[in-house]
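In this note's numbering, the protein residues as written are 5 to 298.
Glycine included, C-beta positions come from ideal geometry on N, C-alpha and C.
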Amino acid sequence: MHNRLRLLQVATALLYFGPLLAGLMGQGWSQIAIFANIYLLWSVILRPHLWPARLQDLSRSEALVPLASLVATQVLLVVVCFAIGRGIGGVLGVKPALPWFLPVALSFLSVPLSRLIWDPKVAADHAGFDPLLHRLDDAPAKDTEDLADEMLGQVMALPDDVSEAELRRHLTAIADHLDPEEIRRGLGAAVAAGRATQAGIRALIVHATDPAVAERLSGTAYPAQAFAAAGRDGAMLTLFAGRCLRMQETQPGLAGDCPAVGKIQQAAADAGEDGAMMALTRLAGWLGPKAAAH
(Lines of atoms letter the chains of each structure in order from A and count residues from 1; the text may use other names and numbers.)
(Lines give C-alpha, C1' and ligand atoms only; values in the text may rest on other atoms or scores of the structure.)
Protein backbone atom coordinates (compact mmCIF):
# COMPACT_ATOMS: atom_id res chain seq x y z
CA MET A 1 0.00 0.00 0.00
CA HIS A 2 2.68 2.49 0.98
CA ASN A 3 4.70 1.93 -2.19
CA ARG A 4 1.62 2.42 -4.34
CA LEU A 5 0.76 5.66 -2.57
CA ARG A 6 4.26 7.01 -3.20
CA LEU A 7 4.10 6.05 -6.88
CA LEU A 8 0.65 7.64 -7.14
CA GLN A 9 2.02 10.88 -5.70
CA VAL A 10 4.77 10.89 -8.33
CA ALA A 11 2.27 10.25 -11.15
CA THR A 12 -0.04 12.96 -9.80
CA ALA A 13 2.85 15.43 -9.80
CA LEU A 14 2.84 15.21 -13.60
CA LEU A 15 -0.78 16.39 -13.57
CA TYR A 16 0.20 19.59 -11.77
CA PHE A 17 3.48 20.05 -13.60
CA GLY A 18 1.73 20.32 -16.98
CA PRO A 19 0.00 23.70 -16.47
CA LEU A 20 2.98 24.98 -14.49
CA LEU A 21 5.27 24.22 -17.45
CA ALA A 22 2.74 25.74 -19.87
CA GLY A 23 2.78 28.97 -17.86
CA LEU A 24 6.57 28.93 -17.74
CA MET A 25 6.64 28.57 -21.55
CA GLY A 26 4.38 31.60 -21.87
CA GLN A 27 1.46 29.77 -23.45
CA GLY A 28 -1.89 31.55 -23.69
CA TRP A 29 -4.60 31.43 -21.06
CA SER A 30 -6.76 29.52 -23.52
CA GLN A 31 -4.82 26.42 -22.43
CA ILE A 32 -6.66 26.57 -19.11
CA ALA A 33 -9.71 24.84 -20.64
CA ILE A 34 -7.60 21.91 -21.94
CA PHE A 35 -5.89 21.36 -18.61
CA ALA A 36 -9.18 21.70 -16.72
CA ASN A 37 -10.67 18.89 -18.80
CA ILE A 38 -7.64 16.69 -18.12
CA TYR A 39 -7.97 17.39 -14.38
CA LEU A 40 -11.66 16.47 -14.49
CA LEU A 41 -10.90 13.28 -16.42
CA TRP A 42 -8.30 12.35 -13.79
CA SER A 43 -10.84 12.99 -11.04
CA VAL A 44 -13.54 10.89 -12.72
CA ILE A 45 -11.18 7.93 -13.18
CA LEU A 46 -9.23 8.08 -9.91
CA ARG A 47 -11.85 9.46 -7.52
CA PRO A 48 -15.19 8.15 -8.87
CA HIS A 49 -16.73 8.23 -5.39
CA LEU A 50 -16.83 12.03 -5.67
CA TRP A 51 -19.01 11.93 -8.80
CA PRO A 52 -22.71 10.99 -9.19
CA ALA A 53 -23.13 7.30 -9.87
CA ARG A 54 -25.99 7.83 -12.36
CA LEU A 55 -26.84 10.53 -14.91
CA GLN A 56 -30.24 10.93 -13.26
CA ASP A 57 -28.50 12.19 -10.14
CA LEU A 58 -27.30 15.28 -12.01
CA SER A 59 -30.83 16.68 -11.89
CA ARG A 60 -30.82 16.71 -8.09
CA SER A 61 -29.72 19.91 -6.41
CA GLU A 62 -27.94 18.04 -3.62
CA ALA A 63 -25.71 16.45 -6.27
CA LEU A 64 -25.22 19.58 -8.40
CA VAL A 65 -23.80 21.72 -5.60
CA PRO A 66 -20.87 19.43 -4.67
CA LEU A 67 -20.30 18.68 -8.38
CA ALA A 68 -20.08 22.40 -9.21
CA SER A 69 -17.71 22.84 -6.27
CA LEU A 70 -15.53 19.99 -7.54
CA VAL A 71 -15.34 21.44 -11.06
CA ALA A 72 -14.56 24.90 -9.71
CA THR A 73 -11.79 23.46 -7.54
CA GLN A 74 -10.18 21.69 -10.50
CA VAL A 75 -10.29 24.86 -12.62
CA LEU A 76 -8.82 26.87 -9.74
CA LEU A 77 -5.95 24.38 -9.37
CA VAL A 78 -5.14 24.73 -13.08
CA VAL A 79 -5.21 28.51 -12.89
CA VAL A 80 -2.96 28.55 -9.81
CA CYS A 81 -0.39 26.19 -11.39
CA PHE A 82 -0.48 28.14 -14.64
CA ALA A 83 -0.09 31.47 -12.84
CA ILE A 84 2.84 30.15 -10.78
CA GLY A 85 4.58 29.07 -13.99
CA ARG A 86 3.94 32.48 -15.56
CA GLY A 87 5.26 34.19 -12.44
CA ILE A 88 8.45 32.12 -12.30
CA GLY A 89 9.06 32.73 -16.00
CA GLY A 90 8.52 36.46 -15.62
CA VAL A 91 10.74 36.86 -12.57
CA LEU A 92 13.61 34.75 -13.89
CA GLY A 93 13.20 35.81 -17.51
CA VAL A 94 12.99 32.15 -18.53
CA LYS A 95 10.93 30.92 -21.47
CA PRO A 96 11.88 27.34 -22.41
CA ALA A 97 11.75 26.57 -26.14
CA LEU A 98 9.93 23.26 -25.78
CA PRO A 99 7.30 21.64 -28.01
CA TRP A 100 3.93 23.33 -27.41
CA PHE A 101 2.20 20.00 -26.78
CA LEU A 102 4.63 18.80 -24.07
CA PRO A 103 2.79 20.34 -21.06
CA VAL A 104 -0.54 18.88 -22.16
CA ALA A 105 1.07 15.50 -22.87
CA LEU A 106 2.64 15.40 -19.39
CA SER A 107 -0.65 16.17 -17.65
CA PHE A 108 -2.56 13.68 -19.77
CA LEU A 109 0.09 11.00 -19.15
CA SER A 110 -0.70 11.28 -15.44
CA VAL A 111 -4.19 9.82 -16.03
CA PRO A 112 -3.24 6.34 -17.35
CA LEU A 113 -0.18 6.16 -15.09
CA SER A 114 -2.21 6.93 -11.97
CA ARG A 115 -4.88 4.42 -12.98
CA LEU A 116 -2.26 1.70 -13.48
CA ILE A 117 -0.90 2.39 -10.00
CA TRP A 118 -4.13 2.91 -8.10
CA ASP A 119 -7.33 0.92 -8.46
CA PRO A 120 -10.29 3.09 -7.35
CA LYS A 121 -12.02 -0.07 -6.10
CA VAL A 122 -9.46 -0.03 -3.29
CA ALA A 123 -11.28 3.00 -1.94
CA ALA A 124 -14.34 0.85 -1.33
CA ASP A 125 -12.23 -1.86 0.29
CA HIS A 126 -10.75 0.69 2.67
CA ALA A 127 -13.95 2.40 3.77
CA GLY A 128 -13.68 5.36 1.37
CA PHE A 129 -9.93 5.77 1.78
CA ASP A 130 -8.79 8.59 -0.51
CA PRO A 131 -5.05 8.49 -1.27
CA LEU A 132 -4.83 12.25 -1.77
CA LEU A 133 -6.54 13.17 1.50
CA HIS A 134 -4.57 10.89 3.82
CA ARG A 135 -0.96 10.66 4.83
CA LEU A 136 0.81 7.34 4.36
CA ASP A 137 0.39 6.58 8.05
CA ASP A 138 -3.36 7.21 7.84
CA ALA A 139 -4.13 4.14 5.72
CA PRO A 140 -6.59 2.00 7.64
CA ALA A 141 -4.73 -0.75 9.47
CA LYS A 142 -6.02 -4.26 9.51
CA ASP A 143 -6.58 -6.08 12.75
CA THR A 144 -3.34 -7.88 13.67
CA GLU A 145 -5.05 -11.26 13.81
CA ASP A 146 -6.65 -10.76 10.39
CA LEU A 147 -3.33 -9.57 8.97
CA ALA A 148 -1.57 -12.63 10.40
CA ASP A 149 -4.19 -14.96 8.92
CA GLU A 150 -3.92 -13.29 5.52
CA MET A 151 -0.14 -13.23 5.33
CA LEU A 152 0.41 -16.70 6.76
CA GLY A 153 -2.36 -17.97 4.50
CA GLN A 154 -0.17 -16.97 1.55
CA VAL A 155 2.63 -19.11 3.01
CA MET A 156 0.24 -22.05 3.45
CA ALA A 157 -0.67 -21.74 -0.23
CA LEU A 158 2.92 -22.27 -1.38
CA PRO A 159 3.82 -25.57 -3.08
CA ASP A 160 4.64 -28.54 -0.82
CA ASP A 161 8.21 -28.64 -2.15
CA VAL A 162 8.85 -24.92 -1.65
CA SER A 163 12.54 -24.27 -1.02
CA GLU A 164 13.99 -23.20 2.30
CA ALA A 165 15.30 -20.00 0.69
CA GLU A 166 11.84 -19.11 -0.62
CA LEU A 167 10.31 -19.66 2.82
CA ARG A 168 12.94 -17.43 4.39
CA ARG A 169 12.09 -14.67 1.90
CA HIS A 170 8.38 -14.92 2.75
CA LEU A 171 9.01 -14.96 6.49
CA THR A 172 11.34 -11.97 6.25
CA ALA A 173 8.64 -10.01 4.43
CA ILE A 174 6.01 -11.02 7.00
CA ALA A 175 8.36 -9.99 9.83
CA ASP A 176 8.01 -6.37 8.63
CA HIS A 177 4.38 -6.48 9.76
CA LEU A 178 4.20 -9.11 12.51
CA ASP A 179 6.45 -9.81 15.46
CA PRO A 180 7.94 -13.31 15.97
CA GLU A 181 5.40 -14.29 18.63
CA GLU A 182 2.48 -13.41 16.34
CA ILE A 183 4.00 -15.49 13.55
CA ARG A 184 4.59 -18.35 15.98
CA ARG A 185 1.00 -18.23 17.23
CA GLY A 186 -0.40 -18.15 13.69
CA LEU A 187 1.66 -21.07 12.41
CA GLY A 188 1.24 -23.04 15.64
CA ALA A 189 -2.54 -22.58 15.58
CA ALA A 190 -2.71 -23.87 12.01
CA VAL A 191 -0.69 -26.96 12.92
CA ALA A 192 -2.74 -27.63 16.06
CA ALA A 193 -6.00 -27.31 14.12
CA GLY A 194 -4.78 -29.62 11.35
CA ARG A 195 -5.01 -26.80 8.80
CA ALA A 196 -1.28 -26.52 8.12
CA THR A 197 -0.07 -27.52 4.68
CA GLN A 198 3.34 -29.04 4.06
CA ALA A 199 4.60 -25.53 3.24
CA GLY A 200 3.10 -24.25 6.48
CA ILE A 201 4.87 -26.88 8.58
CA ARG A 202 8.15 -26.22 6.76
CA ALA A 203 7.67 -22.50 7.46
CA LEU A 204 7.19 -23.24 11.16
CA ILE A 205 10.44 -25.24 11.23
CA VAL A 206 12.37 -22.55 9.35
CA HIS A 207 11.00 -19.81 11.60
CA ALA A 208 11.54 -21.69 14.86
CA THR A 209 15.16 -22.50 14.02
CA ASP A 210 16.09 -19.01 12.90
CA PRO A 211 18.78 -18.01 15.47
CA ALA A 212 17.45 -14.44 15.81
CA VAL A 213 13.86 -15.62 16.28
CA ALA A 214 14.83 -18.44 18.67
CA GLU A 215 16.83 -16.01 20.78
CA ARG A 216 13.97 -13.52 20.84
CA LEU A 217 11.56 -16.25 21.95
CA SER A 218 14.02 -17.94 24.29
CA GLY A 219 12.30 -19.94 27.02
CA THR A 220 9.24 -20.79 24.92
CA ALA A 221 10.58 -24.13 23.57
CA TYR A 222 9.76 -22.96 20.06
CA PRO A 223 12.24 -25.34 18.35
CA ALA A 224 10.72 -28.25 20.30
CA GLN A 225 7.31 -27.17 19.00
CA ALA A 226 8.65 -27.28 15.45
CA PHE A 227 10.11 -30.76 16.05
CA ALA A 228 6.71 -31.99 17.20
CA ALA A 229 5.06 -30.45 14.12
CA ALA A 230 7.48 -32.37 11.86
CA GLY A 231 5.98 -35.66 13.10
CA ARG A 232 7.51 -38.68 11.37
CA ASP A 233 8.01 -37.04 8.00
CA GLY A 234 11.60 -37.79 6.95
CA ALA A 235 12.05 -34.63 4.88
CA MET A 236 10.66 -32.44 7.68
CA LEU A 237 12.87 -34.11 10.29
CA THR A 238 15.93 -33.69 8.07
CA LEU A 239 15.14 -30.01 7.61
CA PHE A 240 14.60 -29.53 11.34
CA ALA A 241 17.73 -31.41 12.41
CA GLY A 242 20.00 -29.59 10.00
CA ARG A 243 18.67 -26.14 10.86
CA CYS A 244 18.50 -26.82 14.61
CA LEU A 245 22.13 -27.98 14.58
CA ARG A 246 23.23 -24.81 12.76
CA MET A 247 21.23 -22.74 15.22
CA GLN A 248 22.93 -24.46 18.14
CA GLU A 249 26.35 -23.82 16.69
CA THR A 250 25.68 -20.06 16.74
CA GLN A 251 23.39 -19.97 19.80
CA PRO A 252 24.43 -22.82 22.14
CA GLY A 253 22.54 -21.22 25.01
CA LEU A 254 19.25 -22.18 23.36
CA ALA A 255 19.72 -25.92 23.93
CA GLY A 256 17.01 -25.86 26.59
CA ASP A 257 14.41 -24.87 23.97
CA CYS A 258 15.23 -27.85 21.78
CA PRO A 259 13.47 -31.23 22.05
CA ALA A 260 14.74 -33.74 24.59
CA VAL A 261 17.69 -35.83 23.37
CA GLY A 262 15.74 -39.03 24.03
CA LYS A 263 12.94 -37.91 21.72
CA ILE A 264 15.42 -37.03 18.99
CA GLN A 265 17.11 -40.42 19.34
CA GLN A 266 13.75 -42.17 19.18
CA ALA A 267 12.84 -40.21 16.04
CA ALA A 268 16.19 -41.21 14.52
CA ALA A 269 15.53 -44.88 15.27
CA ASP A 270 12.02 -44.65 13.78
CA ALA A 271 13.10 -42.65 10.73
CA GLY A 272 12.54 -44.51 7.52
CA GLU A 273 15.15 -42.47 5.66
CA ASP A 274 18.90 -42.62 6.08
CA GLY A 275 19.22 -38.86 5.62
CA ALA A 276 16.80 -38.12 8.46
CA MET A 277 18.38 -40.72 10.73
CA MET A 278 21.89 -39.32 10.21
CA ALA A 279 20.79 -35.69 10.67
CA LEU A 280 18.89 -36.50 13.87
CA THR A 281 21.77 -38.57 15.24
CA ARG A 282 24.18 -35.67 14.70
CA LEU A 283 21.76 -33.30 16.44
CA ALA A 284 21.33 -35.67 19.39
CA GLY A 285 25.10 -36.05 19.65
CA TRP A 286 25.51 -32.29 19.79
CA LEU A 287 22.70 -31.70 22.29
CA GLY A 288 23.68 -34.63 24.57
CA PRO A 289 26.57 -32.85 26.34
CA LYS A 290 24.50 -29.65 26.57
CA ALA A 291 21.63 -31.50 28.21
CA ALA A 292 24.04 -33.19 30.64
CA ALA A 293 25.47 -29.80 31.55
CA HIS A 294 22.01 -28.63 32.52
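For A37, the closest C-alpha among the options L11, A76 and M29 is that of A76. Contact between S118 and A15 holds, with the beta-carbon distance rounding to 4 angstroms and staying under 8 angstroms. Assigned with DSSP and collapsed to three states, T201 falls in coil, not helix or strand. Boundaries of the alpha helix (DSSP H) harbouring C248: G238 to T254, taken from the DSSP string. Residues P184, E185 and R188 of the same chain have their beta carbon placed closer than 7 angstroms to that of L221, with the five preceding and five following residues left out of the count. Here V98 is exposed: its Cβ has fewer than 16 other Cβ atoms, across all protein chains shown, within 10 Å.
Excluding sequence positions up to five before and after P215, its CB lies within less than 7 angstroms of the CB of M251, T254 and Q255, all in the same chain and listed in chain order. C-alpha of L19 to C-alpha of S111: approximately 4 angstroms in a straight line.
DSSP places H211 within a helical segment (H, G or I) once states are collapsed to three.
The alpha-carbon separation between A234 and I268 amounts to approximately 12 angstroms. Counting C-beta atoms within 10 angstroms of its own C-beta, D261 has 16 or more neighbours from the protein chains shown and is therefore classed as buried. Within the same chain, Q78 come within 6 angstroms of L44 by CB-CB distance, once the 5 residues on both sides are set aside.
If you ignore the 5 residues before and after Y226, its C-beta comes within less than 7 angstroms of the C-beta of R188, A212, A218 and D261, all in its own chain and listed in chain order.
Contiguous alpha helix (DSSP H) elements confined to the segment 33 to 107 occur at 35 to 50 and 65 to 96, taking only those with 4 or more residues.
If you check the CB distance, P116 and M29 do not come in under 8 angstroms.
Here S167 is exposed. Its C-beta has fewer than 16 other C-beta atoms within 10 Å. Residue A239 holds the alpha-carbon nearest to the alpha-carbon of I205 among A239, T224 and V69. Around the beta carbon of A109, fewer than 16 other beta carbons lie within 10 angstroms, which makes this residue exposed. Residue burial annotation: S73 is exposed, with fewer than 16 other C-beta atoms found within 10 angstroms of its C-beta.
Between L50 and W104, the gap from beta carbon to beta carbon reaches 8 angstroms or more. For D274, the uninterrupted alpha helix (DSSP H) segment begins and ends at V265 to D274. Judged by their CB atoms, A152 and G190 are nearer to each other than the 8 angstroms cut-off.
No residue range can be given for A259, since it is assigned to no alpha helix (DSSP H) and is classified by DSSP as neither H nor E. Of the residues F231, G246 and A259, the one whose Cα lies closest to the Cα of A271 is F231. Note on geometry: alpha-carbon atoms of A40 and F86 lie some 11 angstroms from one another. The Cβ-Cβ distance between V265 and G292 falls below 8 angstroms. Here the alpha carbon of H181 sits roughly 24 angstroms from the alpha carbon of D164.
Taking 8 angstroms as the cut-off, the Cβ atoms of A280 and T242 count as close. Out of G257, D274 and L249, the CA that lies nearest to the CA of A283 is found in L249.
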